[in-house]
Amino acid sequence: MRIIGIDPGTTITGIGIVDCDDRGDCSPVFFGVLKPGRDGLARGMARLHRELADLVTTWQPETAAVEGVFYGVNVKSTVTLAHARGVALAVLGEAGLSVAEYSPAAVKKTLAGYGQADKEQIRFLVEQQLGISLVTEPLDVSDALAIAICHGQHLVFGGG
18 MRIIGIDPGT TITGIGIVDC DDRGDCSPVF FGVLKPGRDG LARGMARLHR
68 ELADLVTTWQ PETAAVEGVF YGVNVKSTVT LAHARGVALA VLGEAGLSVA
118 EYSPAAVKKT LAGYGQADKE QIRFLVEQQL GISLVTEPLD VSDALAIAIC
168 HGQHLVFGGG
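Here it is, written out as structure tokens:
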């Protein structure tokens with residue numbers, strides 16, 4: 018099953034697409050970042066919509082997973098992040114995809130066995146599982162791939 022994982026952000030949105038088999042083993046298909054730009058929120062979100070829609074059309078995922086809302090101390094950051102999440106959900110909905118949402122702690126627990134793993138640990142585990150190097154990629158990429166792997170694991174083994 019082809020799964021797109023999205024780590025939304027208004028500055029950088031991480032994208033990870035994997036193919037997972039019925040044993041839960043995943044292989045990388047595509048990964049990278051979308052950069053909405055700094056020419057205003059509306060234009061940036063329109064660009065994110067276009068570029069994400071193009072990726073969905075090109076790679077034809079069968080299902081999707083997006084990082085859930087993280088309720089931090091900074092309300093402004095939470096609201097800003099919600100803009101990119103909304104765009105991602107709209108694109109995925111327009112494509113007719115089912116969308117799962119996972120909290121950062123749930124993704125970490127699925128990959129590392131505990132919900133407090135740091136981003137470097139998650140990057141390492143993603144690299145090991147997919148047999149790739151992400152050293153030159155922003156952490157948003159490993160986060161997006163982790164979200165996709167998490168969804169694949171949940172689809173095969175249940176739990177979410």
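Oh and the sequence shown: position 58 is 75 in the numbering used here, straight run, nothing missing.
Beta carbons are placed, not taken as given, at the ideal position from N, Cα and C, and that holds for glycine.
Measuring CA to CA, which of the options is closest to residue i?
i, options, result
"Ala122", "Gly110, Cys167, Leu98", "Cys167"
"Asp157", "Asp71, Thr80, Met62, Ile139", "Ile139"
"Trp76", "Ala99, Asp36, Gly132, Cys43", "Asp36"
"Cys43", "Met62, Pro155, Gly54, Ile149", "Ile149"
"Lys52", "Val152, Leu114, Ile23, Thr30", "Thr30"
"Lys127", "Gly175, Gly54, Ala59", "In the sequence under discussion, the amino acid at residue 127 is Thr, which differs from the Lys named in the question. Looking at the Cα atoms, Gly175 is the closest of the given residues."
"Thr28", "Met62, Asp39, Thr153", "Met62"
"Gly169", "Gly54, Ser115, Asp71, Val92", "Ser115"
"Gly22", "Gln146, Tyr131, Phe48", "Phe48"
Taking Cβ to Cβ, would you say residue i is nearer than 8 angstroms to residue j?
i, j, result
"Val46", "Arg64", "no"
"Ala101", "Gly26", "yes"
"Glu79", "Tyr119", "no"
"Ala117", "His66", "no"
"Asp135", "Asp24", "no"
"Leu58", "Ala105", "no"
"Val86", "Thr95", "yes"
Rounded C-beta distance between residue i and residue j? I'm assuming under 8 angstroms.
i, j, result
"Ala165", "Gly33", "5 angstroms"
"Leu172", "Val143", "Not really, about 17 angstroms apart at Cβ, beyond 8 angstroms."
"Val50", "Ala112", "Not a contact, Cβ separation roughly 20 angstroms."
How is residue i classed by DSSP in three states: helix, strand or coil?
i, result
"Glu114", "For the record, residue 114 in the displayed sequence is Leu; it is not Glu. In the structure shown, Leu114 sits in coil (DSSP, three-state: anything other than H, G, I, E or B)."
"Arg140", "helix"
"Leu151", "coil"
"Gly177", "The predicted position of Gly177 is uncertain, since its pLDDT is 49 and thus under 50; a value taken from the coordinates is nonetheless stated next. The answer is coil: DSSP assigns Gly177 none of H, G, I, E or B."
"Thr28", "coil"
"Pro45", "strand"
"Gly132", "coil"
"Gly169", "helix"
"Val36", "According to the sequence displayed, residue 36 carries Asp and not Val. Strand at Asp36."
Discussion item. For a minimum of 3 consecutive residues, which ranges assigned as the beta strand (DSSP E) are wholly contained in the region 56-110?
Written reply: Segments of the beta strand (DSSP E) lying fully in the region 56-110: 80-84.
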